[in-house]
Amino acid sequence: MLRESPLKDVVRAGRYGADKGAPGVTLSVVHPLSLVMVIARKGKAKAAKESLTAMRGATVMWAGPDQYYVKGAEAAALKKKLGDAASIIDQSHGRVMFRISGPKSRALLAKGTPVDLHADEFPIGKSAVTQMAHVGAHLTCTGKDDFELSVFRGFSESFWEWLTEQALEFGYQVN
Amino acid sequence: MGSFRLSSGGLIDRCKRLNFTFDGESFQGFAGDSLASALMANGRMLMGRSFKYHRPRGPITAGAAEPNALVELRSGGRKEANTRATMVELHEGLEAKSQNRWPSLGFDVGAINSLASSIFVAGFYYKTFMWPKSFWEKIYEPLIRKAAGLGAASREADPDRYEKSYAHCDLLVIGSGPAGLMAALAAARSGGRVILADEGSELGGSLLFEREEIGGKTGLEWARGVIAELASMTNITLMPRTTIFGWFDGNIFGAVERVADHVAAPTHNEPRQRYWRIIAKKAVLAAGAEERPIVFGGNDVPGVMTASAMRHYANRYGVAAGHNIAVFANNPSGARSLRDLRAHGLNATAVDHPIINVKGGKGVKAAVLAGGHDIPCDAIAVSGGWSPIVNLMCHRGTRPVWNEKLAAFLPPDVGAEFVAAGSANGKMLLSECLTDGAAKGTLKGKPPAVPKCKDEAYAISPLWWVKESKGKAFVDYQNDVTVKDLPLAAREGYNHIELAKRYTTAGMATDQGKLGNINAIAILAEATGKTIPEIGTTTFRPFYTPVSFGAFAGPFTGKHFQPVRKSPLHQWGEEQGAVFVETGLWMRSSWFPRKGEDWLAAATREVKATRNGVGLCDVSTLGKIDVHGKDAGRFLDILYCNTFSTLAVGKARYGLMLREDGIVMDDGTTSRFAEDHFVMTTTTANAAKVMSHMEFVHQALFPELDVTYTSVTEQWAQMAMAGPSARATLNKIVDGAKLDDTNTPYMAAREISILKGLPARLFRISFSGEHAYELAVPADFGNGVARALMQAGKEFGIMPYGIEALSIMRIEKGHVAGGELNGTTTAGDLGLGKMMSTKKDYIGRVMAGREGLVDPKRQVVVGIRPVDKRDRLRAGSHLLTRGQSPSLANDQGYITSVAWSPMLNMWIGLALLSDGRNRKGEVVQVFDGLRNHHMLAEICEPMQFDPENRRLHA
């Protein structure tokens, strides 16, 4: 059985909003997503962090004190690797991830989060757990003007509607 | 255009004519005009009527403090009342109307109030409409409300969008006059992240209208040079049309950006306004100073305005307020106006005696001077001095400080995070403003060099009101507070400034006393024999100027008032024709009507089909929490009143969680998948609350435990499969060994594989009382698995059922839910007292033993059914001992849940009844106060259907 995105009938590729030449932001949905929460067990924070840092091919994102989201690694593989150093919780289906890039990505995200996203304060690789449009969000800077953002699956449609409305003034491309 | 437009000068574009209407009449103005300047250019000085006496009024300022020229803009859903014509940018097609007049602005019947003004003094309403008491609500208040008020709100929905945004900076500069520009330049050059905000349509502040010389250029040229430099830098954000309206904790400033208020309608892609929260490491208040009027008779006749406003209209907009202008001032602002107005070829004369009255009604005809002689004139420029605009710095409670020399309140010291500069800081010379701005804006190193400029000396001899005044002399224009009202308030005991404000209304309404307050304070000081600092100011509060509700709401209106949360089985529900119901933020499938069915018919059919065959219900919204760690069992033992550490791997157990005070908090089943791994479920409503409770218990009470807990509610799509054919249906999709009572007994919890390799969690638990399971699959597979189950169950007559049917079945089985777990009940009340472990400690154990919580007369859960089966029970009805009349003293309890039972063919319910367990079989009186309905009902066991639980194990 194929995985079904909750946004499959909602997100449509195309060019939307203001037409000021190149789109201010480009939006897409990361699906199918592989996202696992790793929480260090008591007294094992250092060991867990070291094991994660040594992992190849997966992206490790901070998600709270001694907590991480790992993108691109199977829960079972992580369990094997980390043993009893951490709790491994698969959230691949529980969260929906958006990719937001382009020169106006910060201006767009600032409409939702009080986190300072200036490149000096929120450099590539930094993550924040925040709230946007009344929805809890996990946000990571992945490139110069690139961000990844995940929300609980159930809110994803509502969140998408908010996000795209806020992007209207910049002009946006959905891939 | 009228002869009030000067032949040259101003920052208007005379090639670009704009058409607009005022009270339906068509006019033209130029690009760059404000609505007020355009009306004045057309000879329309009369723009509004005052609040109480309906006096004709024209603009007295050219800016944000305007109390008189309040107009209604646009129409339909875009109508906006009480906007200041002085701040409205003229645009093509602008539609404005005057307010507070009937039938017209020129002839207003309400002006008759003025004739009776001797009785309309301060406190008139309080004294007059006292009795009879009953008249207040029904007669006086509606009448007064009808007579009072300025513009009217639209009743249509606002079609425009509003946005919200956050911003961060090292320095926020508020105001873009000489001090603000210098501060922004200093900060930006030192590399800091700077925001420069100004409420005006264009940056430049006073340099847009004052004739100054800076660095060998005109002030305006200098300002434009600085603005161009700032605009070329990447570390500064320029925000014109942005009003900083409040200063809040954490050095956070609230602001409204008027994105599209200066055009007829925003484009589809832009909002009308944007509400900002600016988080500033440091801020400089460079808001300038407000010129205040002098109080004298007739000082409200259209054509009387502040001296700086008159310069503003002439220099910036090329508009004359009049052609023969009398100038009355106690400071050099008068001389400035004389100079500038004469330079425009206007006839301006300084009065040699104080003005005691003004002749004219809808326009100035002459000024009457002390000593008795008149000066014919058509406009009067007034200056009573300058009040630094300290408002923002006082928003967190600190009061401004009186300065005798400047006769003004200066901003208080509120710390290094927020400082004032320039005339907002009492610097009255241009060179001081530039130097102060440069110093306050410098974030590191030395302040930049300040250009040379020409200063004009400043001195003031205080003059608050002209004592010889004849006629009405206004202190607060907007509220028609006259010079007589304040001493009256003092005589009647309202001599504290805060009391005097409320008694006289001085300083209230849309302008919040920006012009009148200092004069009011001075007059009250004189009346009470105190000094001005002894009287002090009223409290400054946000908002500096009015903020529209649309800006506060932002995008969160209508459908987006709150986020919508959809289950992973939402689409399946839609396919099955579900009617969804909001449960918190969740949308849950409530019932699945077929043609001609109402909710009850649909739910009844769903119950019967489930109890006779098999039903499928979406239970994904129940809270699911993965609990991991060596101490997971111990942690659950602390959280629940019953024990979980002894639960075998592969088993589920019902748990009851108490609050610290011994009252039941939540319930649900928790299953064990490994020694160090449990999956806990909570009710839909309490999921987030339980999670925070766990955080508190772990972090604050038992930090030594090795345990982690994570919400996995959204990771799993969960389906209840209930009914005699549930197992047979599941067996059609299960991989490997088929389910039976050995591998999957009652209360089993297993990780299985379905549909050729999909991982799933299977729980043999039941809320319906049927042989039932809950099947959880990763959410992306939810709709697919539900469809597969519908296919598999076809031969057994599978039926989707919603939470109405779910609720009916749990009431038939006497299972407690939200109605009973209502924050007042103990485990004992729910009939679950035996679950409270005596072998371990847990949250709520001690407090649950309190006298009142173990009182045998407590109201406990019982079943209830009508004596006459045709009677309908209603939730919320109260229970009485038979024969007693309804009263608090006689109350025995109430019905918490009711349902039409398709299996028992009558309305049944659960109730909380005092000493209920000893009253089985008793017939009680049921009283429904809402419908005034009385009936008889019999108390019974909560479990009214299949009391032996045969079906559960069938």
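So the sequences go chain by chain: A and B.
In case it helps, the numbering used here puts the first sequence at residues 1 to 175.
In case it helps, the numbering used here puts the second sequence at residues 176 to 1129.
Ideal placement from N, C-alpha and C gives every residue a C-beta, glycine not left out.
The structure displayed is predicted, hence computed values, not measured ones.
When you compare the CB of Arg3 of chain A with every CB in chain B, is at least one pair closer than 9 Å? yes
Give the secondary structure of His803 of chain B by DSSP, where H, G and I count as helix, E and B as strand, and everything else as coil. strand
Nearest CA to the CA of Thr917 of chain B: which residue from B:Arg939, B:Ser562 and B:Gly252? B:Arg939
Examine the ligand COA and report whether any of its heavy atoms sits within less than 8 Å of the Cβ of Leu876 of chain B. Among the components modelled here there is no ligand, and therefore nothing to report on the ligand COA.
Where does His118 of chain A land, buried or exposed, given buried means 16+ other C-beta within 10 angstroms? exposed
Would you please verify whether the beta carbon of Asp335 of chain B is less than 9 Å from any beta carbon of chain A? no
Hey, would you say Lys741 of chain B sits closer than 9 Å to Ser158 of chain A, going by beta carbons? In this structure, Lys741 of chain B lies near Ser158 of chain A, with their beta-carbon atoms less than 9 Å apart.
Who are the near neighbours of Thr1056 of chain B in its chain, counting only those whose CB is closer than 8 Å to its CB and skipping five residues on each side? Asn1065, Gln1067, Val1099 and Gln1100
Kindly give me the distance between the Cβ atoms of Val25 of chain A and Gly102 of chain A, rounded to whole angstroms, as I take these residues to be in contact under 8 Å. 4 Å
Please list the segments of the alpha helix (DSSP H) lying wholly inside the region 955-982 of chain B, counting only runs of 4 or more residues, in order along the chain. 957-967
Can you find a CB in chain A that lies within less than 9 Å of the CB of Ile411 of chain B? no
At the level of alpha carbons, what is the spacing between Ile736 of chain B and Trp162 of chain A? The sequence shown places Phe at residue 736 of chain B, rather than the Ile named in the question. Their Cα atoms are separated by approximately 11 Å.
Bounding residues of the alpha helix (DSSP H) (the contiguous stretch that carries His868 of chain B): Ala862 to Phe871
Ala897 of chain B beta carbon less than 9 Å from that of Tyr948 of chain B: yes
Who pairs with Leu139 of chain A in a beta bridge, going by DSSP? A:Ala128 and A:Leu149
Comparing alpha-carbon positions, which option in A:Gly14, A:Ile124 and A:Ala110 lies nearest Gln131 of chain A? A:Ala110
Could you tell me the distance, in whole angstroms, from the CA atom of Ile187 of chain B to the CA atom of Asn578 of chain B? Here the alpha carbons of Asn578 of chain B and Ile187 of chain B stand approximately 38 Å from one another.
Counting only C-beta atoms, is Gly177 of chain B closer than 9 Å to chain A at any point? In this prediction, Gly177 of chain B scores a pLDDT of 47, lower than 50, which makes its location untrustworthy; the coordinate-derived value is nonetheless stated afterwards. It does not; no Cβ of chain A falls within 9 Å.
When the distance is taken between beta carbons, is Ala504 of chain B closer than 9 Å to Ala556 of chain B? yes
So which residues on chain B does Ser51 of chain A lean against when the C-beta distance must stay under 9 Å? In chain order: nothing, as chain B lies at least about 16 Å away.
Nearest to Phe1102 of chain B by alpha carbon, out of B:Ala1086, B:Gly1091, B:Lys1095 and B:Arg1094? B:Ala1086
So, is Cys141 of chain A buried or exposed, given that buried needs 16 or more other C-beta atoms within 10 angstroms? buried
If you measure from the beta carbon of His437 of chain B to each beta carbon in chain A, is any gap under 9 Å? no
Under 9 Å between C-beta atoms, does Asp424 of chain B make it to chain A? no
List the DSSP bridge partners of Cys608 of chain B. Paired residue(s): none; Cys608 of chain B is not in a bridge.
Chain A contact residues for Pro415 of chain B, given Cβ-Cβ distances below 8 Å: Going along chain A, no residue has its Cβ under 8 Å from Pro415 of chain B, so there is no contact; the nearest lies around 17 Å.
Counting pairs of beta carbons, one from the region 954-973 of chain B and one from the region 988-1007 of chain B, are three or more of them closer than 8 Å? At 8 Å Cβ cutoff, the stretches do not touch.
Taking Cβ-Cβ distances below 7 Å as the criterion, which residues of the region 99-112 of chain A are in contact with chain B? Ala110 and Lys111
Exposure label - Ser178 of chain B; buried when at least 16 CB within 10 Å: exposed
Cα-Cα separation between Met414 of chain B and Ala359 of chain B, rounded to whole angstroms: Across the structure, Met414 of chain B and Ala359 of chain B are spaced so that their CA atoms are roughly 12 Å apart.
Check whether the Cβ atoms of Gly21 of chain A and Thr164 of chain A sit closer than 9 Å, and answer yes or no. no
Pair within 9 Å by beta-carbon distance, Ala139 of chain B and Val650 of chain B: Outside the shown range of chain B, which is 176 to 1129, sits residue 139 of chain B, and nothing can be said about it.
Assuming Leu149 of chain A and Ile100 of chain A form a contact by the criterion Cβ under 8 Å, report the distance between their Cβ atoms to the nearest whole angstrom. 6 Å
DSSP beta-bridge partners of Trp774 of chain B: Trp774 of chain B is not bridged to any residue.
Mind reading off the beta-carbon distance from Glu374 of chain B to Leu383 of chain B? Whole number of angstroms is fine, and I expect it under 8 Å. Between Glu374 of chain B and Leu383 of chain B, the beta carbon gap of about 12 Å keeps them out of contact (Cβ cut-off 8 Å).
Do you know whose CA, among B:Leu1105, B:His1108, B:Ser1076 and B:Glu1113, lies nearest Arg1094 of chain B's CA? B:Glu1113
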